[in-house]
């Protein structure tokens, strides 16, 4: 029995979804509505004390942190291999995964909050904002909520974050000029880890970062979107996302 607690629009949860689909593993979903702060419910905090998504429960074993989860799935379900066999390529794979976690995620987070949370955060009273942020186990999340609510990022600040992403895309374009995938000739967890952030950049209208300027990245995006696993992101959006 495998259960994934997720939010349909959470990039970290999407990494796990893509891994499950690539490996053709059966799973059930429990949606956590971040807009209603369900991630801070006591029952969920028992599973994930950090109060974030995703959380994986596999035969009563709880696994948290998306990069840990996808490596766990690779170990627990080794069929449909997503980790290259050569040590050098595995190191390359993990370098990209770390780059996603350390640079890409943190750089796109402020832009995502500005797009998806700022207008709501600015309507909150001081008391409500304090109440909400006081329930957040992760103080960095509390700080960013305070920031978008009361002291929005300037265009110059957001440009700095975007330049960090562009630096990664430059490195990515160079790598993909040599190899089909990020860790060599085989599709791997590195490609999975990066994929949701390109979907997020599309949501942020940032396709110009690769279309027409970084051809190898643009080709990689097309091949990613053509993989059958990619369709799960739209299916989950239809299941749990806003209905137009």
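Numbering (UniProt numbering), first residue to last: 1 to 244. Cβ atoms here follow ideal geometry from the backbone N, Cα and C, with glycine treated the same way.
In terms of CA proximity to residue 160, 103 leads the group 103, 116, 179, 190. Out of 150, 232, 191, the CA that lies nearest to the CA of residue 84 is found in 191.
Looking at the DSSP output, residue 184 bridges to 181. Nearest to residue 215 by C-alpha distance, out of 87, 27, 174, 110, is 174. Look at residue 92 here: in three-state DSSP terms it is helix. Residue 204 sits close to residue 111, with the two beta carbons spaced by under 9 Å. The criterion of a C-beta distance shorter than 9 Å is not satisfied by residue 49 and residue 6.
By the criterion of a C-beta distance shorter than 6 Å, residue 232 is surrounded in its chain by 17, 21, once the five residues flanking it on both sides are discounted. A direct Cα-to-Cα measurement between residue 211 and residue 238 gives close to 27 Å.
Sixteen is the threshold: when 16 or more other Cβ atoms of the shown chains lie within 10 Å of the Cβ of residue 217, as they do, the residue is buried.
Taking each of 27, 19, 187, 201 in turn and checking the Cα distance to residue 223, the smallest one comes out for 187. Counting along the chain, the unbroken beta strand (DSSP E) around residue 61 starts and ends at 61-64. Under the DSSP assignment, residue 133 falls in the alpha helix (DSSP H) whose first and last residues are 126-134. DSSP, read as helix, strand or coil, puts residue 202 in helix. In its chain, beyond the 5 residues on either side, 217 have a beta carbon closer than 6 Å to the beta carbon of residue 172. Secondary structure of residue 30 (DSSP, three-state): strand. Looking at 202, 9, 81, 71, the one whose alpha-carbon comes closest to that of residue 225 is 202.
Rounded to whole angstroms, the Cβ separation of residue 47 and residue 27 is 15 Å, and the two are not in contact under 8 Å.
In the structure shown, residue 123 falls within a coil segment according to DSSP collapsed to helix, strand and coil.
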